[in-house]
Amino acid sequence: MRVEIWSDIACPWCYIGKARFTKGLAEFAHRDEVEVVFRSFELDPNSPKGTVAPVLDMLAKKYGRTLEEARGMEEHVAASARAEGLTYRTDGRDHGNTFDIHRLLHLAAARGRQEELLDLAYRANFAEERSVFDPEVLVALAVEAGLEEAEARTVLADDTAYAAEVRADEREAAELGANAVPFFVLDRRYGISGGQPAEVFTQALEQAWAGREVPEPAAGAEACTPDGACAAPRA
2 MRVEIWSDIA CPWCYIGKAR FTKGLAEFAH RDEVEVVFRS FELDPNSPKG TVAPVLDMLA
62 KKYGRTLEEA RGMEEHVAAS ARAEGLTYRT DGRDHGNTFD IHRLLHLAAA RGRQEELLDL
122 AYRANFAEER SVFDPEVLVA LAVEAGLEEA EARTVLADDT AYAAEVRADE REAAELGANA
182 VPFFVLDRRY GISGGQPAEV FTQALEQAWA GREVPEPAAG AEACTPDGAC AAPRA
């Protein structure tokens with residue numbers, strides 16, 4: 002069975018959702034027979050390449066909040082991340098265009114190192130003091146993931162390299178009705194939106210394996226939308 006996951010490195014609920022999916026998959030009896038493929042989805046495709054801004058500034062501007070209120074929003078997300086055993090920094094992170102990251106992830110997929118690079122990019126963006134919007138950081142991450150440095154540099158230097166693959170993923174997401182990420186598609190039959198609890202993923206995998214209809218996802222599952230909104234629903 003194949004599971005496809007549409008996500009963006011800039012999306013905190015994709016970071017959290019991947020961890021929850023991994024836990025859910027670990028409880029699935031047929032986990033060794035599941036192929037996981039990661040697909041591209043840009044939350045902010047119109048963001049100018051090379052232009053970055055602090056995440057807290059972006060949140061404050063977007064929601065009309067003070068920096069302190071934006072920090073509180075980030076702390077709410079951080080608490081969810083830490084509950085999954087993930088490190089999450091609320092200060093010092095950047096926000097920008099992720100197209101180059103997606104192109105590099107497609108190179109990694111072609112070399113059988115996609116998940117390794119994805120995990121490293123998530124960790125760099127959310128847990129470490131490294132900006133994934135810096136080309137040199139991306140090259141370093143690619144090498145850590147097992148890619149050849151020269152090949153990674155060649156891809157990053159050519160804006161057309163793997164661009165068609167990224168756009169194809171995004172068109173497919175639109176065709177599937179995905180308007181937020183993370184978005185999970187099981188066996189091309191069932192879709193799950195948002196960073197659902199691990200047990201929801203286990204149940205979905207079991208029912209998809211059995212060929213039965215997957216129940217509706219739990220209400221209020223956190224996700225990020227294409228306008229960059231990644232805050233949890235407010236009560």
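My numbering applies: residue 2 is where the sequence shown begins, and numbers increase by one. Note that the Cβ used here is the ideal one computed from N, Cα and C, for glycine as well.
Coil, strand or helix - residue i by DSSP
| i | result |
| --- | --- |
| SER247 | The displayed coordinates of the chain run from 2 to 236. Any statement about residue 247 would go beyond what the structure contains. |
| TYR16 | helix |
| VAL215 | Because VAL215 sits at a pLDDT of 48, beneath the cut-off of 50, its placement in the model cannot be relied upon, and the following sentence gives the value as read from the coordinates. Of the three classes helix, strand and coil, the one that applies to VAL215 here is coil, per DSSP. |
| SER81 | helix |
| GLU28 | coil |
| GLU75 | helix |
| PRO227 | coil |
| ALA236 | Because the pLDDT of ALA236 is 36, which lies under 50, any placement of that residue in the model is unreliable, and the number read from its coordinates should be weighed accordingly. In this structure, ALA236 counts as coil in the three-state DSSP scheme. |
| VAL182 | strand |
Cα-Cα separation, residue i to residue j
| i | j | result |
| --- | --- | --- |
| LEU187 | LEU206 | 7 angstroms |
| VAL4 | HIS31 | 13 angstroms |
| ARG104 | VAL37 | 18 angstroms |
| GLY1 | GLU76 | Look at the range of the chain in this structure, 2 to 236, and you will see that residue 1 is not part of it. |
| ALA80 | GLU34 | 33 angstroms |
| GLU130 | ALA211 | 44 angstroms |
| ARG72 | CYS12 | 16 angstroms |
| TYR191 | GLU28 | 19 angstroms |
| VAL201 | ALA224 | 15 angstroms |
Whether residue i touches residue j by CB criterion (8 angstroms)
| i | j | result |
| --- | --- | --- |
| ALA162 | LEU121 | no |
| ARG21 | ALA199 | yes |
| ASN98 | SER48 | yes |
| TRP14 | PRO227 | no |
| GLU150 | VAL144 | yes |
| ARG112 | LEU139 | no |
| VAL78 | ILE102 | no |
| LEU68 | LEU57 | yes |
Opening and closing residue of the beta strand (DSSP E) in which residue i lies
| i | result |
| --- | --- |
| VAL37 | 36-41 |
| ARG3 | 3-8 |
Terminal residues of the alpha helix (DSSP H) in which residue i lies
| i | result |
| --- | --- |
| ARG154 | 150-158 |
Other residues of its chain near residue i: CB distance less than 7 angstroms, five sequence neighbours each side excluded
| i | result |
| --- | --- |
| ALA236 | Low confidence applies here, because ALA236 scores a pLDDT of 36, under 50, leaving its location unreliable; read the following figure in that light. So the list is empty, once near-sequence residues are dropped. |
| HIS107 | TYR163, GLU166, VAL167 |
| TYR16 | ALA82, LEU87, TYR123, PHE127 |
| ALA222 | SER194, GLY195, GLY196, GLN197 |
| ARG172 | none |
Other residues of its chain near residue i: CB distance less than 6 angstroms, five sequence neighbours each side excluded
| i | result |
| --- | --- |
| GLY174 | For the record, residue 174 in the displayed sequence is Ala; it is not Gly. Answer for ALA174: TRP7, PHE42, listed in chain order. |
| ASP170 | ARG40, SER41 |
Cutoff 8 angstroms; reference residue i; Cβ partners in own chain excluding five residues on either side
| i | result |
| --- | --- |
| ALA54 | ASP95, HIS96, GLY97 |
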